[in-house]
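Start counting the sequence shown at 6; every next residue gets the next number (the numbering used here).
Okay, structure first, notes after.
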Amino acid sequence: MATRRDDRLRIAVQSSGRLTRESTDLLRHAGLEFDEHDRKLLAPCRNFGLDLLFVRNDDIPEYVQDGVVDLGIVGWNTIREAGARVETLAELRFGYCTLVIAVPQNSRLCTPAELAGLRVATAHPRSLREFLDRQGIEAQVVEIRGGAELAPALDVADAICDLVSTGSTLRVNDLRPLATLYESQAVLIGCPTSLADDRRAPAIRRLGIRIDASLTARRLRYVMLNAPRSALPAVRSILPGLRSPTVIPLAEPDMVAVHAAVEEDVFWDVLERLKAAGSSDILVLAIEKMMR
Ligand code: AMP
């Protein structure tokens, strides 16, 4: 466990890669002000006692586990692969991917059990071995640094185990998925020691509230609409809102305005149903921050 002298919090963020941009965007949206200066190692926040540390993706779980930093933003898969003892504080809704085993399109393999005695190339050996052990499959794990998708064509392996998001890399390399090991997304993680430290925990909690407010706001839209009073029961059933929608009488008799927050995931479906229920003049606004 590293000894830390100053009272500023530290958060580790990927220095350059898939998660970097969205990680810093999220922190900025949570109200933190900092300059990146080409992502030099350290960026102090001007308006919060927090320093951002830009580090290699694979170093983040251990830095957080060992207390080199208090917090980190990293793919859940990276923590799982490192076997790090850290606390997951929030799912951040980006960096979605799936760890899959894939085989060439023309392979005769149909189930993971048929991998017995065959070679699987991967940069995620721990996750793969756990899966194979759990399933009782005795396959050979060929550890590689990256570029697993090329391994079957080079006859380095019969199958690969790799992260996919859109699936286009598999398609381009004539591979098809055989099994899904797990799904992943970017997460905010915390060092258990920092979380239990009275000098650090309150600031971590305050930062957590900011990030949560930003995440909640991002997945909600504020919907305002007009509807005949008679349509209110139908509109209310479609728009549950956070607790219940706000209903305001309009100057026009028998008409009301309804305001509510709607989850982004169901947003379009809700909009169509609102229209069908007799709503008009539907306005949709982004929400800047949202605290429950
Ligand atoms: P990078 O170091 O830039 O390759 O970023 C790797 C991290 O991005 C992984 O650990 C995952 O959490 C995440 N990720 C999201 N989609 C993918 C993908 N299709 N392939 C690899 N990593 C992905």
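No residue lacks a Cβ here, since even glycine has one placed at the ideal position from N, Cα and C.
About 7 Å separates the beta carbon of residue 90 from that of residue 197, a gap short enough to meet the 8 Å contact definition. Classified as exposed, residue 101 has fewer than 16 neighbouring CB atoms from the shown chains inside 10 Å of its CB.
DSSP places residue 162 outside both helix and strand once states are collapsed to three, so it counts as coil. Contact between residue 267 and residue 275 holds, with the beta-carbon distance rounding to 5 Å and staying under 8 Å. When distances are taken from the beta-carbon of residue 170 to the heavy atoms of the ligand AMP, the shortest one is below 6 Å. Separation of the CB atoms of residue 157 and residue 165 is rounded to 7 Å, and the pair is thereby assigned contact status at 8 Å. Inclusion of residue 183 and residue 250 in the CB contact set at 7 Å is not warranted, their separation being larger than that value. Look at residue 196: its beta carbon is at least 6 Å from all of the heavy atoms in the ligand AMP.
The DSSP-derived three-state label of residue 167 is strand.
Looking at the DSSP output, residue 21 bridges to nothing.
Contact annotation, residue 16 with residue 77: C-beta distance approximately 6 Å; criterion of less than 8 Å satisfied.
Residue 256 and residue 239 have their C-alpha atoms roughly 21 Å apart.
By DSSP's assignment, residue 16 forms a beta bridge with 57, 76. Every alpha helix (DSSP H) stretch that sits fully inside the region 220-266 and reaches 4 residues is listed by chain position as 237-243. Under the DSSP definition of a beta bridge, residue 124 partners with 145. In terms of side-chain proximity, the C-beta atom of residue 150 is found no nearer than 6 Å to any non-hydrogen atom of the ligand AMP. Counted as a single uninterrupted DSSP element, the beta strand (DSSP E) harbouring residue 182 occupies residues 180-189. In the DSSP annotation of this structure, the continuous segment of the alpha helix (DSSP H) that includes residue 132 starts and ends at 130-140.
Between residue 75 and residue 209 a beta carbon distance of about 6 Å is seen, short of the 8 Å cut, so the two are scored as contacting. In this chain, the beta strand (DSSP E) harbouring residue 105 covers 102-109.
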